[in-house]
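One structure is given here, and the rest of the page talks about it.
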Amino acid sequence: MSILIDSNTKVVCQGITGHAATFHMARAIAYGTNLVGGVRPGKGGMVHLDVPVFDTVQTAKDETGANASIVFVPAAQAAGAMIEAIEAEIPLVVCVTERMPVLDMVRVRHALKGSKTRLVGPNSQGILTPGQCKLGVMATVNERPGHIGIVSRSASLTSEIVSLTSAAGFGQSTTVGIGGDPVHGMGYVDCLELFFADPDTNAVVLVGEIGGVEEEQAAEYLKTAANTKPVFAMVVGRHAPETRRMGHAGTLRALGGGSAASKLEALRGAGVHIIDNPALVGPSLKSVL
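If you use our numbering, the sequence shown corresponds to residues 133 to 421, in order.
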(Lines of atoms letter the chains of each structure in order from A; the text may use other names.)
(Lines give C-alpha, C1' and ligand atoms only; values in the text may rest on other atoms or scores of the structure.)
Protein backbone atom coordinates (compact mmCIF):
# COMPACT_ATOMS: atom_id res chain seq x y z
CA MET A 133 0.00 0.00 0.00
CA SER A 134 0.96 3.67 0.14
CA ILE A 135 -0.46 7.01 1.16
CA LEU A 136 -2.27 9.62 -0.96
CA ILE A 137 -1.55 8.14 -4.42
CA ASP A 138 -1.26 4.72 -6.04
CA SER A 139 -1.72 3.05 -9.41
CA ASN A 140 -5.47 3.74 -9.30
CA THR A 141 -5.08 7.52 -8.97
CA LYS A 142 -6.65 9.42 -11.88
CA VAL A 143 -4.80 12.67 -12.45
CA VAL A 144 -5.68 15.90 -14.21
CA CYS A 145 -3.04 18.55 -14.78
CA GLN A 146 -3.97 22.22 -14.42
CA GLY A 147 -1.91 24.30 -16.84
CA ILE A 148 -1.13 21.22 -18.94
CA THR A 149 -0.19 23.09 -22.14
CA GLY A 150 2.61 25.06 -20.49
CA HIS A 151 6.28 24.23 -21.05
CA ALA A 152 6.99 22.92 -17.53
CA ALA A 153 3.79 20.89 -17.37
CA THR A 154 4.41 19.35 -20.77
CA PHE A 155 7.96 18.37 -19.78
CA HIS A 156 7.16 16.86 -16.39
CA MET A 157 3.82 15.26 -17.24
CA ALA A 158 5.34 13.49 -20.25
CA ARG A 159 7.79 11.89 -17.82
CA ALA A 160 5.01 11.11 -15.38
CA ILE A 161 3.06 9.32 -18.12
CA ALA A 162 6.18 7.36 -19.10
CA TYR A 163 6.57 6.38 -15.43
CA GLY A 164 3.05 4.97 -15.40
CA THR A 165 1.01 7.80 -13.88
CA ASN A 166 -2.59 7.62 -15.04
CA LEU A 167 -3.05 11.11 -16.53
CA VAL A 168 -6.68 11.29 -17.67
CA GLY A 169 -6.92 14.93 -18.74
CA GLY A 170 -5.73 18.49 -18.53
CA VAL A 171 -7.20 21.90 -17.78
CA ARG A 172 -6.42 25.11 -19.59
CA PRO A 173 -9.12 27.83 -19.78
CA GLY A 174 -9.86 28.70 -23.39
CA LYS A 175 -8.30 25.53 -24.79
CA GLY A 176 -11.07 23.06 -24.02
CA GLY A 177 -11.56 20.52 -26.79
CA MET A 178 -7.94 20.17 -27.80
CA VAL A 179 -5.76 17.13 -27.10
CA HIS A 180 -2.35 17.46 -25.45
CA LEU A 181 -0.05 14.63 -24.36
CA ASP A 182 -2.71 12.32 -25.83
CA VAL A 183 -5.32 13.34 -23.23
CA PRO A 184 -8.31 15.69 -23.56
CA VAL A 185 -8.03 19.30 -22.38
CA PHE A 186 -10.95 20.96 -20.60
CA ASP A 187 -11.80 24.57 -19.81
CA THR A 188 -12.57 23.94 -16.13
CA VAL A 189 -11.60 21.51 -13.38
CA GLN A 190 -15.25 20.66 -12.74
CA THR A 191 -15.72 19.58 -16.37
CA ALA A 192 -12.50 17.58 -16.28
CA LYS A 193 -13.61 15.79 -13.12
CA ASP A 194 -17.10 15.09 -14.49
CA GLU A 195 -15.76 13.74 -17.81
CA THR A 196 -12.81 11.68 -16.54
CA GLY A 197 -13.55 10.75 -12.92
CA ALA A 198 -10.29 12.37 -11.84
CA ASN A 199 -9.49 12.17 -8.13
CA ALA A 200 -6.23 14.14 -8.09
CA SER A 201 -4.88 17.31 -9.67
CA ILE A 202 -1.39 18.66 -10.10
CA VAL A 203 -1.05 22.43 -10.53
CA PHE A 204 1.52 23.77 -13.01
CA VAL A 205 0.26 27.35 -13.03
CA PRO A 206 2.32 30.58 -12.64
CA ALA A 207 2.39 32.04 -9.14
CA ALA A 208 0.07 34.95 -9.95
CA GLN A 209 -2.73 32.56 -10.99
CA ALA A 210 -1.93 29.51 -8.87
CA ALA A 211 -4.19 30.42 -5.94
CA GLY A 212 -7.17 30.67 -8.28
CA ALA A 213 -6.28 27.29 -9.78
CA MET A 214 -6.08 25.63 -6.35
CA ILE A 215 -9.35 27.19 -5.21
CA GLU A 216 -11.05 26.00 -8.41
CA ALA A 217 -9.89 22.43 -7.69
CA ILE A 218 -11.05 22.71 -4.07
CA GLU A 219 -14.49 23.96 -5.15
CA ALA A 220 -14.69 21.06 -7.64
CA GLU A 221 -14.06 18.71 -4.66
CA ILE A 222 -10.96 17.11 -6.11
CA PRO A 223 -9.77 14.90 -3.20
CA LEU A 224 -6.04 15.59 -3.66
CA VAL A 225 -4.31 18.66 -5.11
CA VAL A 226 -0.53 18.96 -5.51
CA CYS A 227 0.93 22.38 -6.30
CA VAL A 228 4.53 22.62 -7.46
CA THR A 229 4.43 26.38 -8.14
CA GLU A 230 7.15 28.41 -6.39
CA ARG A 231 7.13 31.98 -5.05
CA MET A 232 3.44 32.05 -4.19
CA PRO A 233 2.34 35.33 -2.53
CA VAL A 234 1.65 34.65 1.14
CA LEU A 235 -1.71 36.46 1.13
CA ASP A 236 -2.81 34.33 -1.84
CA MET A 237 -2.05 31.21 0.19
CA VAL A 238 -4.09 32.61 3.07
CA ARG A 239 -7.05 32.68 0.65
CA VAL A 240 -6.33 29.07 -0.33
CA ARG A 241 -6.11 27.97 3.31
CA HIS A 242 -9.48 29.61 3.93
CA ALA A 243 -10.97 27.69 0.98
CA LEU A 244 -9.57 24.43 2.38
CA LYS A 245 -11.45 24.76 5.67
CA GLY A 246 -14.30 22.26 5.73
CA SER A 247 -13.55 21.12 2.18
CA LYS A 248 -13.07 17.57 0.86
CA THR A 249 -9.60 18.36 -0.51
CA ARG A 250 -6.12 17.59 0.75
CA LEU A 251 -3.51 20.05 -0.55
CA VAL A 252 0.22 19.30 -0.85
CA GLY A 253 2.36 22.39 -1.52
CA PRO A 254 2.84 24.92 -3.00
CA ASN A 255 6.57 24.92 -3.68
CA SER A 256 6.41 21.13 -3.45
CA GLN A 257 8.52 18.48 -5.12
CA GLY A 258 5.33 16.44 -5.18
CA ILE A 259 4.38 12.90 -4.17
CA LEU A 260 5.94 9.65 -5.36
CA THR A 261 4.77 6.12 -4.74
CA PRO A 262 7.52 4.05 -6.34
CA GLY A 263 6.38 1.81 -9.16
CA GLN A 264 2.83 3.19 -9.08
CA CYS A 265 2.43 6.94 -9.49
CA LYS A 266 4.61 10.05 -9.82
CA LEU A 267 2.85 13.32 -9.12
CA GLY A 268 5.57 15.94 -9.14
CA VAL A 269 8.89 17.05 -10.54
CA MET A 270 11.22 14.56 -8.87
CA ALA A 271 13.70 12.27 -10.57
CA THR A 272 12.98 8.57 -10.26
CA VAL A 273 16.35 7.05 -11.05
CA ASN A 274 17.09 6.05 -7.42
CA GLU A 275 13.64 5.18 -6.08
CA ARG A 276 12.49 1.63 -5.38
CA PRO A 277 9.35 0.20 -3.78
CA GLY A 278 9.79 -0.41 -0.07
CA HIS A 279 8.55 0.35 3.40
CA ILE A 280 10.02 3.71 4.46
CA GLY A 281 7.79 6.78 4.36
CA ILE A 282 9.53 10.08 3.72
CA VAL A 283 8.10 13.53 4.47
CA SER A 284 10.22 16.59 3.79
CA ARG A 285 10.24 20.36 3.32
CA SER A 286 13.32 20.11 1.08
CA ALA A 287 13.14 18.82 -2.49
CA SER A 288 16.86 18.21 -2.89
CA LEU A 289 17.16 16.39 0.42
CA THR A 290 14.14 14.25 -0.40
CA SER A 291 15.99 12.99 -3.46
CA GLU A 292 19.09 12.37 -1.33
CA ILE A 293 17.17 10.40 1.30
CA VAL A 294 15.42 8.39 -1.42
CA SER A 295 18.82 7.46 -2.85
CA LEU A 296 20.26 6.54 0.55
CA THR A 297 17.30 4.45 1.71
CA SER A 298 17.33 2.57 -1.60
CA ALA A 299 21.09 1.98 -1.32
CA ALA A 300 20.56 0.61 2.20
CA GLY A 301 18.03 -1.90 0.86
CA PHE A 302 14.85 -0.39 2.31
CA GLY A 303 13.06 1.48 -0.48
CA GLN A 304 10.11 3.79 -0.03
CA SER A 305 6.36 3.37 0.47
CA THR A 306 5.61 7.01 -0.44
CA THR A 307 7.56 10.27 -0.41
CA VAL A 308 5.76 13.56 0.27
CA GLY A 309 7.32 16.97 -0.31
CA ILE A 310 5.22 19.32 1.79
CA GLY A 311 7.14 22.36 0.47
CA GLY A 312 9.07 25.05 2.24
CA ASP A 313 6.63 27.96 2.10
CA PRO A 314 5.38 29.39 5.42
CA VAL A 315 1.70 28.95 4.44
CA HIS A 316 0.94 25.66 2.75
CA GLY A 317 -1.32 22.62 2.75
CA MET A 318 -0.55 19.32 4.50
CA GLY A 319 2.14 19.35 7.16
CA TYR A 320 4.26 16.82 9.03
CA VAL A 321 1.50 15.81 11.43
CA ASP A 322 -0.97 15.10 8.61
CA CYS A 323 1.59 12.90 6.86
CA LEU A 324 2.67 11.10 10.03
CA GLU A 325 -0.96 10.17 10.73
CA LEU A 326 -1.30 8.69 7.24
CA PHE A 327 2.00 6.80 7.42
CA PHE A 328 1.13 5.36 10.85
CA ALA A 329 -2.16 4.09 9.41
CA ASP A 330 -0.51 2.56 6.33
CA PRO A 331 0.27 -1.15 6.89
CA ASP A 332 2.98 -1.06 4.23
CA THR A 333 5.02 1.68 5.96
CA ASN A 334 7.35 0.38 8.66
CA ALA A 335 9.10 3.63 9.60
CA VAL A 336 9.17 7.32 8.67
CA VAL A 337 12.05 9.65 7.85
CA LEU A 338 11.21 13.31 8.56
CA VAL A 339 13.44 15.93 6.94
CA GLY A 340 13.14 19.35 8.55
CA GLU A 341 14.63 22.78 8.08
CA ILE A 342 15.17 25.87 10.18
CA GLY A 343 12.31 28.35 10.54
CA GLY A 344 8.66 27.89 11.43
CA VAL A 345 7.27 25.58 14.12
CA GLU A 346 6.17 22.51 12.20
CA GLU A 347 8.94 20.24 13.51
CA GLU A 348 8.01 21.27 17.07
CA GLN A 349 4.34 20.55 16.30
CA ALA A 350 5.30 17.10 15.01
CA ALA A 351 7.20 16.49 18.24
CA GLU A 352 4.18 17.44 20.36
CA TYR A 353 1.98 15.14 18.27
CA LEU A 354 4.40 12.22 18.66
CA LYS A 355 4.41 12.57 22.43
CA THR A 356 0.73 11.70 22.63
CA ALA A 357 0.03 9.73 19.44
CA ALA A 358 -1.01 6.09 19.72
CA ASN A 359 0.17 3.26 17.47
CA THR A 360 3.22 5.12 16.21
CA LYS A 361 6.08 3.61 14.22
CA PRO A 362 9.81 4.43 14.44
CA VAL A 363 10.46 7.99 13.27
CA PHE A 364 13.87 9.21 12.15
CA ALA A 365 14.60 12.90 11.67
CA MET A 366 17.23 15.27 10.45
CA VAL A 367 17.06 19.09 10.45
CA VAL A 368 19.25 21.09 8.10
CA GLY A 369 20.46 24.67 8.40
CA ARG A 370 22.34 24.41 11.68
CA HIS A 371 25.08 26.73 10.40
CA ALA A 372 22.80 29.30 8.71
CA PRO A 373 23.29 32.85 10.07
CA GLU A 374 20.33 34.12 12.07
CA THR A 375 17.90 36.43 10.18
CA ARG A 376 19.39 35.42 6.81
CA ARG A 377 17.26 33.36 4.48
CA MET A 378 18.62 29.95 3.57
CA GLY A 379 17.37 28.59 0.29
CA HIS A 380 13.69 29.25 -0.18
CA ALA A 381 10.85 31.06 1.53
CA GLY A 382 10.35 29.06 4.71
CA THR A 383 13.92 28.66 5.88
CA LEU A 384 14.41 31.72 8.03
CA ARG A 385 15.54 31.61 11.66
CA ALA A 386 14.88 34.79 13.58
CA LEU A 387 14.80 36.09 17.14
CA GLY A 388 16.30 32.92 18.55
CA GLY A 389 13.44 30.65 17.48
CA GLY A 390 13.14 27.94 14.87
CA SER A 391 16.78 26.88 15.03
CA ALA A 392 18.00 23.44 14.01
CA ALA A 393 19.13 22.82 17.59
CA SER A 394 15.76 23.66 19.14
CA LYS A 395 13.91 21.54 16.61
CA LEU A 396 16.21 18.55 17.14
CA GLU A 397 15.85 18.92 20.90
CA ALA A 398 12.04 18.85 20.59
CA LEU A 399 12.10 15.80 18.30
CA ARG A 400 14.61 13.95 20.48
CA GLY A 401 12.38 14.59 23.46
CA ALA A 402 9.50 12.94 21.61
CA GLY A 403 11.48 9.73 21.09
CA VAL A 404 12.55 10.42 17.52
CA HIS A 405 15.82 8.87 16.29
CA ILE A 406 18.00 11.82 15.29
CA ILE A 407 20.20 11.55 12.21
CA ASP A 408 23.14 13.97 12.29
CA ASN A 409 24.25 13.43 8.71
CA PRO A 410 22.40 12.23 5.59
CA ALA A 411 25.09 9.59 5.09
CA LEU A 412 23.94 8.00 8.37
CA VAL A 413 20.37 7.37 7.22
CA GLY A 414 21.04 3.77 6.17
CA PRO A 415 23.01 2.78 9.31
CA SER A 416 20.41 4.48 11.54
CA LEU A 417 17.54 2.59 9.94
CA LYS A 418 19.45 -0.71 10.17
CA SER A 419 20.19 -0.15 13.85
CA VAL A 420 16.49 0.10 14.73
CA LEU A 421 14.52 -1.91 12.13
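Even for Gly, the Cβ is constructed at its ideal location relative to N, Cα and C. Being a predicted model, the structure only gives us computed values, none of them experimental.
Item, Value
"Count the other CB atoms, across all protein chains shown, that sit within 10 Å of the CB of M366; report buried if there are 16 or more and exposed otherwise.", "buried"
"Are there three or more Cβ pairs, one per stretch, closer than 8 Å when the stretch 194-214 is compared with the stretch 223-235?", "yes"
"Rounded to whole angstroms, what is the Cα-Cα separation between H405 and V363?", "6 Å"
"Got a sec? Which residues, its chain only, sit under 7 Å from V294 by beta carbon, not counting five neighbours each side?", "N274, E275, I282, Q304 and T307"
"Please check the pair G311 and G268, which I expect to be a contact at CB under 8 Å, by giving their CB distance rounded to whole angstroms.", "Not a contact, Cβ separation roughly 11 Å."
"Below 6 Å CB to CB, which residues in the same chain sit around A287 once its five sequence neighbours on both sides are set aside?", "Q257 and G309"
"Give the DSSP-derived three-state secondary structure of Q304 in the structure shown.", "strand"
"Do you know whose CA, among V315, A300, V321 and I148, lies nearest S419's CA?", "A300"
"Tell me N166's beta-bridge partners as DSSP assigns them.", "K142"
"So what does F186 bridge to, in DSSP terms?", "V171"
"Determine the DSSP secondary structure at R250, reduced to helix, strand or coil.", "strand"
"So E341 is in the beta strand (DSSP E); what residue range does that whole segment cover?", "A335 to E341"
"How about the stretch 316-330 and the stretch 395-405: do they share at least three Cβ pairs that are nearer than 8 Å?", "no"
"Hey, quick one: how far does the alpha helix (DSSP H) through M237 stretch, first residue to last?", "V234 to L244"
"Could you have a look at P410 and say whether DSSP puts it in helix, strand or coil?", "helix"
"Have a look at A358 and L326 and give me their C-alpha separation to the nearest angstrom.", "13 Å"
"With which residues is M366 paired in a DSSP beta bridge?", "V339"
"With DSSP collapsed to three states, give me the class of S201.", "strand"
"Taking only the alpha-carbon atoms, compute the straight-line gap between A350 and T356 and give it to the nearest angstrom.", "10 Å"
"List the whole-angstrom C-beta distance separating I137 from T261, where the pair is believed to meet the contact cut-off of C-beta under 8 Å.", "5 Å"
"Alpha carbon to alpha carbon, how far is A271 from A217?", "26 Å"
"What residues match up with H180 in a beta bridge as DSSP calls it?", "V183"
"Report the CB separation of I222 from A198 in whole angstroms; it is logged as a contact under 8 Å.", "7 Å"
"Could you spell out where the beta strand (DSSP E) holding T261 opens and where it closes?", "G258 to T261"
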